[in-house]
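Colleague: Below are the structure tokens for one structure; questions will follow.
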Amino acid sequence: MSERNQGETFDDFDTMTDRLVSEITYYIEVYGLKPAKISFIGHSLGNIIIRSALTRPEMKPYMNRLHTFLSLSGPHLGTLYNSSGLVNMGMWFMQKWKKSGSLLQLAMKDASDLRQTFLYKLSQKSGLEHFRNILLFGSSQDRYVPLHSARIELCKPALKDTSLQGMVYREMVTNLIQPIIQNPEIALLRYDVHHALPSSANSLIGRAAHIA
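What the sequence shown shows, in UniProt numbering, is residues 1 to 212, in sequence order.
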């Protein structure tokens, strides 16, 4: 299990990517590993860090060994079109308070031009299509990461949005999914997980489902 980014998830994604790549290469070199297959399991922001790590030159020797990518509640399309006003307000407050680079990037507010934001540029880079199996888990009970973002799919608000944001969102979905569906050897599975959760404040705001 990766440890380098624990407790540091308010940093920007480039910084967290540096840590993960360093950790992976160090582990492989120190233990003299020669893995035939490499799989990743990511939760929440970890999925973005993994995808970003795969774009780094240090990871190039391992790209043909990628096997399974299991994504749990990954905000692959950021937090656009999140239906929870309460969570949106909380994210905005946390970003300002912690000066969080990652939350700014998830909201796609890290550049004035949406096509220059971290997430959009990441969607243009090679990554997921190198895996043989891609499993995308999300939950409609999760208010932190929208289901459409976790499953990398279109949502009704985005389809109806005629603004630049709607166009950019649809382009991101195409950028990520098209290389996958064009390869019949890749298995892409999407899941909507429903949890039996007790009534609580965490359930109400969607946090319980996000960390379940």
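No residue lacks a Cβ here, since even glycine has one placed at the ideal position from N, Cα and C.
#1: Tell me the rounded alpha-carbon separation between N5 and A111.
#2: Of all the alpha helix (DSSP H) runs that stay within the bounds of the segment 137 to 180, which reach a length of 4 or more residues?
#3: At which residues does the alpha helix (DSSP H) containing G101 begin and terminate?
#4: Could you give the DSSP three-state label for I41: helix, strand or coil?
#5: Whole angstroms is fine: what's the gap from I134's alpha carbon to A150's?
#6: Where does H67 sit, in a helix, a strand or coil, going by DSSP?
#7: Between the alpha carbons of L128 and A158, how many angstroms are there, rounded?
#8: Which residues does DSSP list as the beta-bridge partners of L188?
#9: Compare the Cα-Cα distances from V21 to each of P61, A36, H67 and S44 and report the closest residue.
#10: When you compare only the Cα positions, how much space is there between L139 and G74?
#11: Under 6 Å Cβ to Cβ from S71, same chain only, skipping five residues before and after it: list those, please.
#12: How should Q178 be labelled, buried or exposed, when 16 other C-beta atoms within 10 angstroms of its C-beta is the threshold for buried?
Modeller: By the coordinates alone:
#1: Approximately 24 Å, taken between the alpha carbons.
#2: With a minimum length of 4 residues, the continuous alpha helix (DSSP H) runs that stay inside the segment 137 to 180 are 147 to 150 and 156 to 160.
#3: Its alpha helix (DSSP H) spans residues G101 to L106.
#4: I41 falls in the strand class under three-state DSSP.
#5: When the Cα atoms are used, I134 and A150 turn out to be separated by approximately 12 Å.
#6: H67: strand per DSSP, three-state reduction.
#7: L128 and A158 have their C-alpha atoms spaced approximately 23 Å apart.
#8: Residue pairing from DSSP places L188 in a beta bridge opposite I134.
#9: Checking every option, the nearest Cα to that of V21 belongs to P61.
#10: Residue 139 is actually Ser in this sequence, not Leu. When rounded, the distance between both Cα atoms is 10 Å.
#11: Beyond the five residues adjoining it in sequence on each side, S71 comes within less than 6 Å, by CB distance, of G42, N47 and L136 in the same chain, given in chain order.
#12: Only exposed fits Q178, as fewer than 16 other CB atoms lie within 10 angstroms of its CB.
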